[in-house]
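Comments concern the structure below.
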Amino acid sequence: TQDRTEKSATKGKKLQAKADAEGDLADTTSTRDADQKYLDDLVATCEQKATDFESRQQLRAEELEAIQKAIEIISSEAVTGNAEKYLPTLLQQGASLAALRSELQGQAQAMAAQYLRDSARRLGSGVLSALAGRVADDPFRKVKKMIKDLITRLMEEANEEAEHKGW
């Protein structure tokens, strides 16, 4: 009977060890599965963020290209060369340089704003759209009008003075 008791105790210990090992295996398997799911989610999130980053980089590059094109339009010879071309004739007619410059800048400003608006619409960019609005707005409109009025008044006074000296 003692032999039986020992075998029984050994069998119980082995069964307990087997149950413990199976429990550890189940815990380890569930932990591994959870870790694998976390890794898969993390990889998917990283891939999505990388894709989003690339698309934002592409959008920014296109925005920069649009801004560069607008700068080229504003500073192009087609716009700035017109002052030298028309200035002598306009001065002979008594027109002011400020009016010519304002008109040319207004045209260039409108062209640049339209280009930025088109690019913003094409790219779906709120940044370019806001920039187009700022380019289209003329923050010095009142100042330019005051200067234009002042130049006109000074030219009238100069003409009156010239007429007076002519007497």
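Residues in the sequence shown are numbered from 1211 upward in steps of one, following this note's numbering. All residues carry an ideal CB built from backbone N, CA and C; glycine is no exception. Since the structure is predicted, the reported quantities are computational estimates derived from the model, not experimental observations.
Straight-line measurement puts the Cα of Leu-1360 at about 14 Å from the Cα of Asn-1369.
The alpha-carbon separation between Arg-1332 and Ala-1244 amounts to approximately 44 Å.
By the neighbour-count criterion, in which 16 or more other beta carbons inside 10 Å mark a residue as buried, Leu-1235 falls on the exposed side.
With contacts defined by Cβ atoms closer than 7 Å, Ala-1342 and Ala-1330 form a contacting pair. Between Asp-1347 and the set Tyr-1248, Gly-1334 and Ala-1318, the nearest pair of CA atoms involves Ala-1318. Counting only the Cα atoms, Leu-1249 lies some 10 Å from Cys-1256.
Just so you know, the alpha carbons of Ala-1372 and Ala-1271 end up roughly 58 Å apart.
For Asp-1230, the enclosing alpha helix (DSSP H) stretches over residues 1212-1285. Using a 10 angstroms sphere on the CB of Ser-1335, the tally of other CB atoms reaches 16 or more, which defines it as buried.
Collapsing the DSSP output to three states places Gly-1334 in coil.
Rounded to the nearest whole angstrom, the CA to CA distance from Lys-1259 to Thr-1239 is 30 Å. Rounded to whole angstroms, the gap between the alpha carbons of Val-1253 and Gly-1233 is 30 Å. Contact annotation: Ala-1276 and Leu-1338 have beta-carbon atoms nearer than 7 Å.
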